[in-house]
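Here's the structure we're looking at; comments come further down.
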Amino acid sequence: MNTARRVMQVEQTLEWQIATVAAIKRETPTVKSLTLALPARRRNRAGQHYDIRLTAEDGYQAQRSYSIASAPEQAESIELTVERLADGEVSTYLHDVLVVGDQLEVRGPIGGYFVWEAQMGGPLFLVGGGSGVVPLMAMLRHRAAVGAHIPARLLYSARSPQEVIYGAELEALQAARTGLDVVYTFTRTRPQDWTGYARRIDRQMLEEVLTPFGLAARSFICGPTLLVESVADSMVQLGVAADRIRTERFGPTGGAG
Amino acid sequence: MIGEGQADVSRTLVLDGNAVGGLLQDIFEADMTASPTMCAHCGREGHIGNLLAFTHAPGVVLRCPGCEQVVLRIVVTPDATYLDARGAVFLRLKR
């Protein structure tokens, strides 16, 4: 085995490490972002995730995957955005117990399928359902961090405006006029003067939002399984090549809790 | 999309191969989510990241998103990892 190969393998080995919680930000009533300082931070790619492992005093372990929300360009730390699930044994701990200064066992970055980097080009079409927007936000933050003007469009389905994650930052990114636009659809509660979409994403909505943008876009869909599969199917029916579509499914017990 | 009548699994509980990326990387020492594979039951080609993943069990089961048959099963015990890959025509490890 030559040296180059050995080095590559070392880089691929995943080690559990102890991260320190540097900051906690409340995004919505049920969503928090955790900034983690890592002793051995490896550069991540937008769309990847970290595994978090909790160990109880009796040795019982629970492990979940959480998408990285921060741009790869963010130095020193990573940000993971976590939705609190009522029956989630990991997310409830992260929301209700964890405070700044606590330590967490993590490993990553993980994944190479649901990944976008500016050099892959665009246009970039992103579809997010609920907290499925998290890895898509990493892509948009990466796009902004490298100053890319690749046309990008985010179709974001949320139950209500109060449940939109990163709303102010998305507004600022749009206002920067770099070729990003964000289209919302609210499936449960909408603002009083709302004239935009107020239903689940369907084929007609995709036809209106995606077709003028371009069917050749690189597409990333992340959200609950049923949303991901119905959006991907509709896009293929509209004429998008299946190999331009990448998907990531969050269960309703989202990242499984 | 979902095979009518043959769906014996609840899609609402499903994650996908992306969520199992860490476990696969433990075994293969490489990212496998972007690796292509082929279902031995229906011949569908796709990426491991897009397989359906069932993780609410002692082991992990990855199924074909087309025919829902089992492609990979992984069980980790205290002293060994078992990988049943008979549902995959091939796995591809990048050199």
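Chains as they are written, first to last, in the numbering used here: chain A, 1 to 257; chain B, 1001 to 1095.
Don't be surprised by glycine CBs; every beta carbon is placed ideally from N, CA and C.
Note that the structure is predicted; figures quoted are calculated from it, not measured.
Name the chain A residues that come within less than 7 Å of residue i, Cβ to Cβ?
i          : result
Ala1034(B) : Gly112, Tyr113
Indicate whether at least one CB of chain B lies closer than 7 Å to the CB of residue i.
i         : result
Leu14(A)  : yes
Asp51(A)  : yes
Asn44(A)  : no
Gly257(A) : Because the pLDDT of Gly257(A) is 47, which lies under 50, any placement of that residue in the model is unreliable, and the number read from its coordinates should be weighed accordingly. No, its Cβ sits nowhere closer than 7 Å to a Cβ of chain B.
Taking C-beta pairs closer than 9 Å, name the residues in chain B that residue i reaches, listed in chain order.
i        : result
Ser65(A) : Leu1015, Asn1018, Ala1019, Val1020, Gly1021, Gly1022
Can you tell me whether residue i is helix, strand or coil according to DSSP?
i          : result
Arg190(A)  : coil
Ile165(A)  : coil
Val1020(B) : helix
Asp271(A)  : Outside the displayed range of chain A (1 to 257) lies residue 271(A), so it cannot be described from this structure.
Thr195(A)  : coil
Gln1069(B) : coil
Tyr60(A)   : coil
Leu227(A)  : helix
Gly255(A)  : In this prediction, Gly255(A) has a pLDDT of 40, which is less than 50 and means its spatial position is unreliable; what the coordinates show is noted afterwards. Three-state DSSP puts Gly255(A) in coil, outside helix and strand.
Ile1027(B) : helix
Glu15(A)   : coil
Asp102(A)  : coil
Thr211(A)  : coil
Gly1059(B) : coil
Arg203(A)  : helix
Ala1007(B) : With a pLDDT of only 43 at Ala1007(B), under 50, the local geometry of the prediction cannot be trusted, and the value read off the model is given with reservation. In this structure, Ala1007(B) counts as coil in the three-state DSSP scheme.
Gly1049(B) : helix
Leu38(A)   : coil
Ala175(A)  : helix
Ser157(A)  : strand
Ser70(A)   : coil
Arg26(A)   : strand
Gly1043(B) : coil
Leu218(A)  : A small correction: the amino acid at residue 218(A) is Arg; Leu does not occupy that position in the sequence shown. Strand, per DSSP.
Glu1033(B) : The question names Glu, but residue 1033(B) in the sequence shown is Thr. Three-state DSSP puts Thr1033(B) in coil, outside helix and strand.
Asp87(A)   : coil
Which same chain residues end up closer than 8 Å to residue i when comparing Cβ atoms and leaving out the 5 residues on each side of it in sequence?
i          : result
Ser77(A)   : Ala22, Thr35, Leu36, Ala37, Leu38, Arg41, Ser70
Thr1081(B) : Asp1026, Ile1027, Ile1074, Val1075
Ala75(A)   : none
Gly101(A)  : Thr20, Val21
Ala1088(B) : Thr1037, Met1038, Cys1039, Ala1040, Val1071, Leu1072
Gln61(A)   : Arg53, Leu54, Thr55
His149(A)  : Thr178, Gly179
Report the neighbours of residue i on chain A: residues whose CB is nearer than 8 Å to its CB, in chain order.
i          : result
Gln952(B)  : Since the first residue shown for chain B is 1001 and the last is 1095, residue 952(B) is missing from the structure and cannot be characterised.
Asp1079(B) : Neighbours of Asp1079(B) on chain A: none; closest Cβ ~16 Å, over 8 Å.
Ile1026(B) : Note on identity: in this sequence residue 1026(B) is Asp, with Ile being the wrong assignment. Ordered by position in chain A, the residues that pass the 8 Å Cβ test against Asp1026(B) are Leu14.
Step through the CB atoms of chain A and report whether any lies within less than 7 Å of the CB of residue i.
i          : result
Gly1059(B) : no
Glu1029(B) : yes
His1041(B) : no
Gly1066(B) : no
Phe1090(B) : no
Just to make sure I have the definition right: I need the residues of chain B whose C-beta is within less than 8 Å of the C-beta of residue i. Which are they?
i         : result
Arg107(A) : Gly1022
Note down, in chain order, each residue of its chain lying with its Cβ closer than 6 Å to the Cβ of residue i, except the 5 sequence neighbours on either side.
i          : result
Val231(A)  : Val127, Ile201, Ile221
Gln103(A)  : Ile18, Thr20
Val1020(B) : Ala1053, Val1060
Glu163(A)  : Thr28
Val228(A)  : Ile221, Thr247, Arg249
Asp1084(B) : Arg1073
Thr225(A)  : Arg249
Leaving out the 5 sequence neighbours to the left and right, which residues in its chain are closer than 7 Å to residue i when beta-carbon positions are compared?
i          : result
Val182(A)  : Leu154, Tyr156, Leu170, Gln174
Asp1016(B) : Gly1049, Asn1050, Leu1051, Leu1052, Ala1053
Leu1023(B) : Val1060, Ile1074
Val240(A)  : Leu215, Ser219
List, in order along the chain, the chain A residues whose C-beta lies closer than 9 Å to that of residue i?
i          : result
Gly1087(B) : By Cβ distance, chain A contributes nothing, its closest Cβ being about 19 Å from Gly1087(B), past 9 Å.
Counting only C-beta atoms, is residue i closer than 7 Å to chain D at any point?
i          : result
Ala1088(B) : No chain D is present in this structure, whose protein chains are A and B.
**Unbroken stretches of the beta strand (DSSP E), 3 residues or longer, contained in the segment 106-142 of chain A** = 124-129
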